[in-house]
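As given, the protein sequences belong to chains A and B, one line each in that order. Position one of the first sequence corresponds to residue 2 (this note's numbering), numbered consecutively onward. Position one of the second sequence corresponds to residue 2 (this note's numbering), numbered consecutively onward. Just so you know, even glycine gets a beta-carbon here, dropped at the ideal spot from N, CA and C. Bear in mind the structure is a predicted one, so any value in this text is a computation, not a measurement.
2 protein chains.
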Amino acid sequence: MSRRRGAELEDAILDAAREELAELGYAKSTMRGIAKRAGTSKAVLYRRWSSLPELFLDTLASRFTNVPVPDTGDLRDDVLELLRHAQTSLGYTRRDTVSGLIADTVHDPRLAQRLRDLIADSALSDAMSTVLELAAERGQIPPGPWPRRVITLPISLLRDDFVVFGIWPSDADLAAVTDEVFLPLLGYASPAGMVRNRDRPSSEHRE
Amino acid sequence: MSRRRGAELEDAILDAAREELAELGYAKSTMRGIAKRAGTSKAVLYRRWSSLPELFLDTLASRFTNVPVPDTGDLRDDVLELLRHAQTSLGYTRRDTVSGLIADTVHDPRLAQRLRDLIADSALSDAMSTVLELAAERGQIPPGPWPRRVITLPISLLRDDFVVFGIWPSDADLAAVTDEVFLPLLGYASPAGMVRNRDRPSSEHRE
DNA sequence: GAAATAAGAAACCCTTGGTTCCTTAATCCC
DNA sequence: GGGATTAAGGAACCAAGGGTTTCTTATTTC
């Protein structure tokens, strides 16, 4: 029988890990299970990754890069498109994977940092910065610079929902964060004469 | 030798669990360890709690209730006081405890709900609602009702920092969230003629 | 074709969650 | 007070999983 090696084998393992994760969830995924699924042995996995979280981190690594900067001409549309991109990236990832990784990497600063770079806002917030600059040039909002906290605001809110409450953000959530919080804070007046947020209570409720 | 029973024993176990958690962290705390520390046996613990997360949940339960509504006469001071209360509650809790619990309770809806009720905003957001109403009556901000998302905004942001980034919010963070995001969103003009946030970039940075 | 490399299979160790069983102390109730 | 009931505490046990080691053998490399 044939034996895979190098990159071919590695890809097969990563695929197996993704499969296991999708099927069993983070908590029930095991090295044994992944090895078996990939048709190889634990020793081979440990030769490449020093621990389970490390392997899982590589599993996700491909997903959260390349954030395109939207440029529709309208701030609201740009923001929504950017958030939808984040939403889609997250969509591939089960919630328990994120919280599991957070929990398992707290004690290892190197891993924790890698995870943060993945989940967190680096690429997204750069894109958001640009979106705000473009809007300021068009005169839709006052000129910057905006505090970092303002730039990452919508992402933080959605991530909080996702991680703490287990809510995968719907389109309505994206719109609510944008219209009720982000745009009003930026001082954006919608071209369509949008109603001020606080005069119309949020239409979607949960719990 | 004497044998403890009932509430006395239970308190001793909860104390032992808190000790173990504080000393070893969530990931390294074990039933065996807690039982030993409390001078009893695992069987006794399992007679009371069906699992480790359940026990830990009870360990924290006492901390996150009774949120006093501040009423200093100024919105900014009220908000800061409320956030400081949240900060203090969190301060007793290591970050890995929260993320560990989140990860361990995803698959059990009942536990997940209990955790959410603890960490999340129920009591805090009620208090925040009242604070905003008081400010509106004083004419410091426009009248409500505000969307739920606006009310919980500062808490969500700080919680995101805490859970995802492992940052225990400092007083500066509290102030930044309040002055850069929350108050501007509410349309609050500081009595002291506060500078608009976006004209002075955030003074504290991290990473 | 020989030497170096690494795959795959298996056994193994250790820790932990969770269970069971038994002995014996504390409490209850007549 | 004394017997019946309850539950504490101790120990052994099981299964599962992380992580390591060892060995055989297929693949590369030179």
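Contact belief for residue i with residue j at Cβ below 8 angstroms, rounded distance in angstroms
i         : j         : result
TYR27(A)  : ASP97(A)  : 5 angstroms
ILE14(A)  : LEU46(A)  : 6 angstroms
LEU102(B) : LEU58(B)  : 7 angstroms
ARG149(B) : VAL165(A) : Incorrect: roughly 15 angstroms between the Cβ atoms, too far for contact.
ALA124(B) : VAL68(B)  : 4 angstroms
THR106(A) : LEU116(A) : 5 angstroms
THR94(B)  : LEU61(B)  : 6 angstroms
ASP162(B) : PRO170(B) : 6 angstroms
GLU82(A)  : THR89(A)  : Actually they are not in contact, since the Cβ atoms of GLU82(A) and THR89(A) sit about 11 angstroms apart, beyond 8 angstroms.
ARG49(A)  : GLU11(A)  : 7 angstroms
THR179(B) : VAL80(B)  : 5 angstroms
Neighbour list for residue i in chain A, Cβ cutoff strictly below 9 angstroms
i         : result
HIS108(B) : GLY26, ALA28, LYS29, ASP97
VAL178(B) : ARG150
Reduced DSSP category for residue i - H, G, I as helix; E, B as strand; rest coil
i         : result
GLN141(B) : coil
ALA28(A)  : coil
TYR189(B) : coil
SER204(A) : The predicted model places SER204(A) with a pLDDT of 39, which falls under 50 and marks its position as unreliable, so this point remains unresolved.
ALA17(B)  : helix
SER3(A)   : coil
GLY194(B) : Summary for GLY194(B): the model assigns pLDDT 42, below 50, so the residue's position carries little reliability; its value from the coordinates is reported in the next sentence. The answer is coil: DSSP assigns GLY194(B) none of H, G, I, E or B.
PRO110(A) : helix
VAL68(A)  : coil
ARG199(A) : Low confidence applies to ARG199(A): its pLDDT is 39, below 50, so where it sits in the model is not reliable, and the reading given next is rough at best. The answer is helix: DSSP assigns ARG199(A) an H, G or I state.
ALA136(B) : helix
LEU131(A) : Looking at the sequence itself, residue 131(A) is Thr, so the reference to Leu does not match. Note: THR131(A) maps to helix in three-state DSSP.
SER42(B)  : coil
Delimiting residues of the alpha helix (DSSP H) encompassing residue i
i         : result
ARG33(B)  : 32-38
THR106(B) : 96-106
THR60(A)  : 53-62
ALA176(A) : 172-177
PRO155(A) : 154-166
PRO73(A)  : Here the sequence assigns Thr to residue 73(A), which means Pro is not the residue at that position. Here THR73(A) belongs to no alpha helix (DSSP H), and DSSP marks it neither H nor E.
TYR93(B)  : No alpha helix (DSSP H) contains TYR93(B), which DSSP labels as neither H nor E.
VAL182(A) : VAL182(A) -> no alpha helix (DSSP H), and no H or E assigned at all.
ALA121(A) : Where ALA121(A) is concerned, there is no enclosing alpha helix (DSSP H), given that its DSSP letter is neither H nor E.
Amino acids of chain B, ordered along the chain, whose beta-carbon sits closer than 8 angstroms to that of residue i
i         : result
GLU181(A) : PRO148, ARG150, VAL151
VAL164(A) : ILE103, ASP161, VAL164, VAL165
LEU154(A) : LEU158, VAL182
Under 7 angstroms from the C-beta of residue i: neighbouring residues of chain B
i         : result
ASP161(A) : SER157, ARG160, ASP161
SER100(A) : SER100, ILE103, ALA104, VAL107
8 angstroms Cβ cut-off: residues of chain A touching residue i
i         : result
ALA113(B) : GLY167
ARG117(B) : VAL165, PHE166
ALA121(B) : VAL165, PHE166
Proximal residues of chain B, C-beta to C-beta of residue i below 9 angstroms
i        : result
ALA18(A) : In chain order: nothing, as chain B lies at least about 18 angstroms away.
Residue i: contacting residues in chain A (beta-carbon distance under 7 angstroms)
i         : result
PRO185(B) : LEU186
Check: residue i C-beta below 7 angstroms from any heavy atom of the ligand GTP
i         : result
VAL164(B) : Absence of the ligand GTP from the depicted structure is noted, as is the absence of any ligand whatsoever, leaving it without description.
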